[in-house]
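Just so you know, the sequence shown maps onto residues 1 to 106 in UniProt numbering. All C-beta atoms, glycine included, are put in the ideal place defined by N, C-alpha and C. Read through the structure below, which is laid out as structure tokens, and then see the notes.
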Amino acid sequence: MYVYLELDKDFPKLIALDDKQGSIFLVNVDYTWIPSMCERCGNLGHKAKRCLLTSKPLHDTNLMSTKDGSKDVIPVVDIDPILKQREKDPSTEAFSQRIQWLMAHA
């Protein structure tokens, strides 16, 4: 039996099976192994401490002065890995084109 899972959701503890007579059974699922999920990039197979997604340190250029003279931090997000991942998925081609257009006209 094959069970297809959505990898961006929790692994189910129960699945519903139906037989040829139309009876439905709830079956407990035991996993011999569940891959690690990175809290940083959302991919399976590694934890955040081993994530290859680079985090850029905050520089002074990320600080903006407010009216009262205090500094506000503007987070820096590296979108290159996101764009590369989205390019692999044909359903997000329009999204990628929109992002590229926005970046070119910023």
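| Asked | Found |
| --- | --- |
| Check whether Leu17 and Val3 have beta carbons under 7 Å apart | no |
| Boundaries (first-last residue) of the beta strand (DSSP E) holding Ala16 | 14-18 |
| Lys13 vs Val29 beta-carbon contact at 7 Å | yes |
| Same chain, Cβ closer than 7 Å to Gly45, five either side skipped, listed in chain order | Pro35, Ser36 |
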